[in-house]
Amino acid sequence: EFSSDYNVTYYISEDGPTLVQQNVALTNRETNLYATESEITIGTSNVNNVSASDGGGNLALKVSHDQDRTKIHVYFNQKVVGKGKTLNWSLRYQTNEVVTKTGLVKEVNVPRLELDPNISSYNLSLVVPRSWGKPAYIKPVYKDVLTFNKDELSQGQISIAFGQFQIFDFRLTYHLKNPRLTPILTEIALPPDTNYQKVYLKTLQPQPVNVEVDKDGNWLAKYNLKPQEGLHILATGSAQLFLAPQKEQAGFRTSQYLAPQKYWEVNSPEIQKLAAKYKTPKEIYRYVVNTLKYNYQKVQENPVRLGALAVLKQPDAAICMEFTDLFIAIARAAGFPAREVDGFAFTTNERLRPLSLKKDILHAWPEYFDGEKWIQVDPTWQNTTGGVDFFQTFDFNHFAFVIKGTDSEYPYPAGSYKLDGQDTKDVDVIPSEVEIIPQQNKINLDLAVMPQAIAGFGITGQLVITNLSPNVISDQKVSLKASGASLSSSHSSTGLIPPYGKKEIIFNLSKIPWYQKTPILLSAMVGKNTVDKVIRVKPIILLYLLPVILVLIIIGIAIVLIFKKKAKTPNDNSQELHTK
480 EFSSDYNVTY YISEDGPTLV QQNVALTNRE TNLYATESEI TIGTSNVNNV SASDGGGNLA
540 LKVSHDQDRT KIHVYFNQKV VGKGKTLNWS LRYQTNEVVT KTGLVKEVNV PRLELDPNIS
600 SYNLSLVVPR SWGKPAYIKP VYKDVLTFNK DELSQGQISI AFGQFQIFDF RLTYHLKNPR
660 LTPILTEIAL PPDTNYQKVY LKTLQPQPVN VEVDKDGNWL AKYNLKPQEG LHILATGSAQ
720 LFLAPQKEQA GFRTSQYLAP QKYWEVNSPE IQKLAAKYKT PKEIYRYVVN TLKYNYQKVQ
780 ENPVRLGALA VLKQPDAAIC MEFTDLFIAI ARAAGFPARE VDGFAFTTNE RLRPLSLKKD
840 ILHAWPEYFD GEKWIQVDPT WQNTTGGVDF FQTFDFNHFA FVIKGTDSEY PYPAGSYKLD
900 GQDTKDVDVI PSEVEIIPQQ NKINLDLAVM PQAIAGFGIT GQLVITNLSP NVISDQKVSL
960 KASGASLSSS HSSTGLIPPY GKKEIIFNLS KIPWYQKTPI LLSAMVGKNT VDKVIRVKPI
1020 ILLYLLPVIL VLIIIGIAIV LIFKKKAKTP NDNSQELHTK
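Under the working numbering, the sequence shown has 637 at position 158, and the numbering climbs by one with no breaks.
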């Protein structure tokens, strides 16, 4: 009976509510009919200051709020009669649910447009503050302009983000206990640097023995525990999250990320069949999103991890772990290195973007290697948001705590280190508007070596490189030199050294001439940092031969004196007899 053409504008303010104006052209399709009223449904209950007008002035209207929507019923002043005749009217309202500000990122969400055969055209424009700059991303529509038509709006909710990066401040608590009667060396996993984030560790108390980087890039802090000892560890810092990978991943063996693991049944016939059908990461991702159904009831319980193979038989029993496991298993079977990321995902709507790891409300998502870098994706959230893309473009809200690639069950993320019967909140992550000011790397060099050497013999020592910075120190060249001796070392570079971590490089001094007396000057350089140490050298002749010679001389003198004394005594007696 009628067709409608919509021109909608969202006027987004810096801090206040968004003003929405809808200009509607209502056209008659019949000769003898005209519109007296109309009803519009808005997909949020947060609607205020509603007004409407047509050529005859302000319109009477009736507004009703439901749980998740608002219905606006308008009554027209004008009566436009005749086929092809158009009634132009407008609707204005304010809402606070279009813009979400999280730390340094502003996100604009435009609801999906439900297809209606009576809507001939629908065009939407966004007017944002100039200070916001260009969008970081627009999805699922990939374009640079903030105008959208009916076809684009019907694909799903439009999500637009403004900002270069996000900052999260974190405070993580770990609880350890040694149940044994002997000492143990144990470890905790700290949030590491990844392609998508840079971590600044401000405090770690008590300080660990060392912090090492494992094969997956995790930061593992080592602690010695005495028998029956308990330990509570506090880590604080900030993380800077980026939209896209910031660097390329160093080389690794791809075979370790293609192998089967518990929960990733790569070699099972069912997984192999799916891998033969879905040949790209995008196809695998779409299959997982469309096959599994998120189980909101399961997440409220203490869920048991099913794994990839089991969830194929129970597709309605999936939470984030199963979405992740299924993607990884099929991707590995199809020849794409893949692994799991566990961490904190910030959300303002746990219904649309749920969190599933109940240990302090964490989340899991997969990543795959595209031949150059690791790409993170989130099939769980694409499923629960009704189509918001988390494959082509990621977001600023996924803060990684651990990466599981060589082992599907280890290491454990922060929030998992609890004592029996303990139910404490150990993960505290909040968005921050304070940008991180990069600091100059600060390291300490120590040459651990004996202060003196013996000529003719070698000596072994260590160069200990300790990271005193809050951020990781990248791989740096190590230069070790020694005057007057040949030197060899176990490493020529540092590798990555996390905050509170240290690298020990063993070196050997050999071929010290047996006659050498001059000291050896040992020097080390790492980056722009240097350290020197003087090693005194004692010639072997002074230490061994000279004492032997002295002893022999003393013995010789003693023998001579004894013989002289014995020789002198008989002569004296014979002279005395002769005299008598």
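We put the beta carbon where it would ideally sit given N, CA and C, even for glycine.
In this text the structure is predicted, and so the values were computed from the model without any measurement.
On the DSSP bridge assignment, give the partners of residue i in chain order.
| i | result |
| --- | --- |
| residue 504 | 484 and 567 |
| residue 618 | 638 |
| residue 490 | 498 and 606 |
| residue 877 | 824 |
| residue 808 | Its beta-bridge partners do not exist; DSSP assigns none. |
| residue 968 | 986 |
| residue 716 | 649 and 680 |
Could you work out which residue in the options is closest to residue i when comparing CA atoms only?
| i | options | result |
| --- | --- | --- |
| residue 961 | 566, 908, 848 and 1016 | 1016 |
| residue 946 | 747, 963, 924 and 958 | 924 |
| residue 929 | 987, 971, 564 and 958 | 987 |
| residue 956 | 606, 882, 982 and 539 | 982 |
| residue 574 | 906, 609 and 548 | 548 |
| residue 825 | 858, 816, 908 and 794 | 908 |
| residue 714 | 679, 720, 737 and 696 | 679 |
| residue 865 | 903, 886, 771 and 943 | 771 |
| residue 813 | 759, 840 and 801 | 759 |
| residue 580 | 651, 941, 776 and 497 | 497 |
| residue 611 | 585, 623, 670 and 544 | 585 |
| residue 859 | 850, 485, 845 and 849 | 845 |
| residue 867 | 617, 816, 572 and 562 | 617 |
| residue 911 | 542, 790 and 720 | 720 |
| residue 677 | 543, 888, 978 and 619 | 978 |
| residue 647 | 626, 670, 736 and 631 | 670 |
| residue 749 | 494, 510, 697 and 791 | 791 |
| residue 500 | 506, 489 and 494 | 489 |
| residue 731 | 652, 851 and 739 | 851 |
| residue 542 | 808, 899 and 572 | 572 |
| residue 1014 | 938, 615 and 621 | 938 |
| residue 918 | 900, 948 and 899 | 948 |
| residue 673 | 630, 511 and 853 | 853 |
| residue 682 | 697, 651, 666 and 701 | 651 |
Residue i and residue j: beta carbons closer than 9 Å?
| i | j | result |
| --- | --- | --- |
| residue 778 | residue 798 | yes |
| residue 583 | residue 522 | no |
| residue 675 | residue 877 | yes |
| residue 980 | residue 526 | no |
| residue 811 | residue 745 | yes |
| residue 605 | residue 628 | no |
| residue 483 | residue 504 | yes |
| residue 723 | residue 873 | yes |
| residue 599 | residue 649 | no |
| residue 862 | residue 773 | yes |
| residue 640 | residue 587 | yes |
| residue 710 | residue 655 | yes |
| residue 454 | residue 883 | Residue 454 lies beyond the range of the chain shown here (480 to 1059); nothing can be said about it. |
| residue 893 | residue 905 | yes |
| residue 796 | residue 785 | yes |
| residue 577 | residue 712 | no |
| residue 848 | residue 816 | yes |
| residue 562 | residue 508 | yes |
Give the C-beta separation of residue i and residue j to the nearest angstrom, bearing in mind that I take them to be a contact with Cβ-Cβ under 8 Å.
| i | j | result |
| --- | --- | --- |
| residue 456 | residue 703 | Since the first residue shown for the chain is 480 and the last is 1059, residue 456 is missing from the structure and cannot be characterised. |
| residue 880 | residue 823 | 7 Å |
| residue 553 | residue 570 | 7 Å |
| residue 645 | residue 875 | 4 Å |
| residue 538 | residue 529 | No, residue 538 and residue 529 are not in contact; Cβ-Cβ is about 10 Å, not under 8 Å. |
| residue 821 | residue 742 | The Cβ separation is near 13 Å, so there is no contact. |
| residue 941 | residue 927 | 4 Å |
| residue 985 | residue 944 | With 8 Å as the limit, residue 985 and residue 944 do not qualify as a contact, their Cβ atoms being about 12 Å apart. |
| residue 520 | residue 564 | Not quite, the Cβ-Cβ distance comes to about 26 Å (not below 8 Å), so this is no contact. |
| residue 764 | residue 818 | Going by Cβ atoms, the distance from residue 764 to residue 818 rounds to 15 Å, so no, they are not a contact pair. |
| residue 993 | residue 934 | 5 Å |
| residue 895 | residue 740 | With a Cβ gap of about 18 Å, residue 895 and residue 740 do not count as contacting. |
Please tell me whether, using a cut-off of 8 Å, the distance from the CB of residue i to the nearest non-hydrogen atom of the ligand ZN is below it.
| i | result |
| --- | --- |
| residue 933 | As presented, the structure is devoid of all ligands, the ligand ZN included, so that no description of it is given. |
Could you tell me whether the Cβ of residue i comes closer than 9 Å to any Cβ of chain D?
| i | result |
| --- | --- |
| residue 774 | Of the protein chains in the structure, only one exists, and it is not chain D. |
- request: Inspect the CB distances between the segment 590-598 and the segment 627-637 and report whether three or more fall short of 8 Å.
  value: Output reads yes: the segment 627-637 touches the segment 590-598.
message: Under 8 Å: do the segment 704-715 and the segment 659-677 share three or more Cβ pairs, one atom per stretch?
response: Contact between the segment 704-715 and the segment 659-677 is present: 3 or more CB-CB pairs across the two stretches fall below 8 Å.
task: Determine, using beta-carbon pairs with one atom in the segment 1000-1010 and one in the segment 952-972, whether at least three such pairs fall under 8 Å.
output: Between the segment 1000-1010 and the segment 952-972, the count of C-beta pairs closer than 8 Å reaches three or more; the two stretches touch.
Given 8 Å, three or more beta-carbon pairs between the segment 507-518 and the segment 544-564: Because the criterion of three Cβ pairs below 8 Å is met, the segment 507-518 and the segment 544-564 touch.
message: Assess contact between the segment 962-970 and the segment 989-1002, defined as three or more Cβ pairs (one per stretch) separated by less than 8 Å. Is contact present?
response: By the Cβ rule, the segment 962-970 counts as touching the segment 989-1002, because three or more pairs are nearer than 8 Å.
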